[in-house]
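Residue numbers (the numbering used here): 28 to 241. Inspection log for the structure reproduced underneath, given as structure tokens.
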């Protein structure tokens with residue numbers, strides 16, 4: 028997989044509250060500046076993608092988009108399409124020419140209201156990390172958007188922290204229905220030291236047993 032873009036806020040240099048505040052003001056009072064900055068970043072990423080694809084074939088491309096909180100994204104779908112997705116267009120065209128068939132939108136927290144927008148722009152895979160499990164429940168997303176939206180992740184890390192019964196219940200509830208359609212089951216974030224090693228081993232063994240493919 029090739030990571031082709033680091034997303035809106037990181038591309039615009041947001042590392043703390045001060046820069047975030049200034050960028051939000053720019054989206055309202057000087058959106059053309061933001062648009063041009065993102066277009067430059069998109070053109071740069073496109074050249075890199077073309078160079079890579081001239082040498083190797085890749086299986087999937089990842090657009091990283093840390094753009095939301097537990098409640099919702101920090102910008103509206105309309106603004107996201109206008110300021111960001113249009114700048115991704117040349118990258119997406121280059122990936123299409125290179126026959127890269129899986130385009131991954133990797134996001135954090137709750138970005139559900141952006142899904143219709145990314146589908147319009149030819150993204151076909153969602154990888155949601157460190158989410159509110161109820162707000163971004165993959166079973167609900169599958170029912171709403173169908174099997175054409177492939178999924179990565181979706182296993183609630185809290186289940187791994189709680190013990191064997193919670194792990195088994197989580198895996199049995201989510202994996203079988205999601206495997207009808209493109210799905211890579213895995214924890215929805217990094218497994219940190221607050222997950223007991225015995226719980227992790229149990230999770231991996233049941234994951235292998237249920238899927239039969241790992």
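We treat Cβ as the ideally placed atom computed from N, Cα and C, and that holds for glycine.
Inset, instruction - Using three-state DSSP, classify residue 32 as helix, strand or coil. - result: If you number the chain shown from 1, residue 32 lands on position 5. Residue 32 falls in the strand class under three-state DSSP.
Inset, instruction - Can you tell me which of the three DSSP states residue 90 falls into? - result: Along the chain shown, one-based indexing puts residue 90 at 63. Note: residue 90 maps to strand in three-state DSSP.
Inset, instruction - Take every Cβ of the stretch 153 to 163, pair it with every Cβ of the stretch 124 to 133, and state whether three or more of those distances are shorter than 8 Å. - result: Because the criterion of three Cβ pairs below 8 Å is met, the stretch 153 to 163 and the stretch 124 to 133 touch.
Inset, instruction - Give the DSSP-derived three-state secondary structure of residue 102 in the structure shown. - result: What you label residue 102 is simply residue 75 of the chain shown in a count that begins at 1. The answer is coil: DSSP assigns residue 102 none of H, G, I, E or B.
Inset, instruction - Pull up the distance between the alpha-carbon of residue 66 and that of residue 87, whole angstroms please. - result: Within the chain shown, residue 66 is the residue found at index 39, counting from 1. Within the chain shown, residue 87 is the residue found at index 60, counting from 1. So the alpha carbons of these two residues sit roughly 22 Å apart.
Inset, instruction - Assign residue 241 to one of three DSSP states: helix, strand, or coil. - result: Taking the first residue of the chain shown as position 1, residue 241 is located at position 214. Residue placement at residue 241 is poorly supported in this model, since its pLDDT is 45, which falls under 50; the coordinates are not used for a value here.
Legend entry - Residue nearest to residue 209 in terms of C-alpha spacing, selected from 231, 180 and 228: Position 182 of the chain shown, counting from 1, holds the residue named residue 209. Minimum Cα distance to residue 209 is reached at 180.
Inset, instruction - Tell me whether the beta-carbon of residue 32 lies closer than 8 Å to the beta-carbon of residue 90. - result: Here residue 32 refers to the residue found at position 5 when the chain shown is read from its first residue. Here residue 90 refers to the residue found at position 63 when the chain shown is read from its first residue. The answer is yes: Cβ separation under 8 Å.
Legend entry - For residue 162 and residue 97, the rounded distance between their alpha carbons: Taking the first residue of the chain shown as position 1, residue 97 is located at position 70. Taking the first residue of the chain shown as position 1, residue 162 is located at position 135. Rounded to whole angstroms, the separation of the alpha carbons of residue 162 and residue 97 is 8 Å.
Legend entry - Range covered by the alpha helix (DSSP H) that runs through residue 69: Taking the chain shown and counting its residues from 1, the one referred to as residue 69 is at position 42. Where residue 69 is concerned, the enclosing alpha helix (DSSP H) stretches over 58 to 80.
Inset, instruction - Compute the Euclidean distance between the alpha carbons of residue 218 and residue 187, then round it to the nearest angstrom. - result: Locating residue 218 in the chain shown gives position 191, counting from the first residue. Locating residue 187 in the chain shown gives position 160, counting from the first residue. C-alpha separation (whole angstroms): 9 Å.
Inset, instruction - Report all residues from its chain with a CB closer than 8 Å to the CB of residue 121; omit the five preceding and five following residues, and keep chain order. - result: As a first step, residue 121 is located in the chain shown; it is residue number 94 there, counting from the start. Same-chain partners within the cutoff: 73, 76, 77 and 80.
Legend entry - Boundaries (first-last residue) of the alpha helix (DSSP H) holding residue 194: Translated into the one-based positions of the chain shown, residue 194 becomes position 167. Note, residue 194: alpha helix (DSSP H), 191 to 205.
Inset, instruction - Compare the C-alpha of residue 92 against each of 167, 139, 175 and 124 and name the closest. - result: Your numbering for residue 92 matches position 65 in the chain shown. Of the listed residues, the one whose Cα sits closest to residue 92 is 139.
Legend entry - residue 241 to residue 213 span [Cα, whole Å]: Sequence index remark: in the chain shown, residue 241 carries index 214 (1-based). Sequence index remark: in the chain shown, residue 213 carries index 186 (1-based). Because residue 241 carries a pLDDT of 45, less than 50, the predicted location of this residue cannot be relied on, and the following value inherits that uncertainty. Going by the C-alpha atoms only, they are around 11 Å apart.
Legend entry - Where residue 123 falls, given that 16 or more other Cβ within 10 Å makes a residue buried: Numbered from its first residue, the chain shown carries residue 123 at position 96. With fewer than 16 other Cβ atoms within 10 Å, it is exposed.
Legend entry - Limits of the unbroken beta strand (DSSP E) element including residue 132: Reading the chain shown from its first residue, position 105 is the one you call residue 132. 129 to 135 is the extent of the beta strand (DSSP E) around residue 132.
Legend entry - Extent of the continuous alpha helix (DSSP H) run through residue 217: The residue labelled residue 217 in the question sits at position 190 within the chain shown. Residue 217 -> no alpha helix (DSSP H), and no H or E assigned at all.
Legend entry - Contiguous beta strand (DSSP E) assignments of at least 3 residues, all confined to the stretch 111 to 171: 129 to 135 and 152 to 156
Legend entry - Rounded separation between residue 203 and residue 234 - CA only: Within the chain shown, numbered from 1, the residue matching residue 203 stands at position 176. Within the chain shown, numbered from 1, the residue matching residue 234 stands at position 207. So the alpha carbons of these two residues sit roughly 11 Å apart.
Inset, instruction - Quick one: using the 10 Å Cβ neighbour count with 16 as the cut-off for buried, is residue 177 buried or exposed? - result: For the purposes of this step, residue 177 is taken as the residue at position 150 of the chain shown. By the neighbour-count rule (16 or more Cβ atoms within 10 Å), residue 177 is buried.
Inset, instruction - Taking only the alpha-carbon atoms, compute the straight-line gap between residue 227 and residue 174 and give it to the nearest angstrom. - result: Mapped onto the chain shown, residue 227 falls at position 200. Mapped onto the chain shown, residue 174 falls at position 147. Near 29 Å, if we compare the C-alpha coordinates of residue 174 and residue 227.
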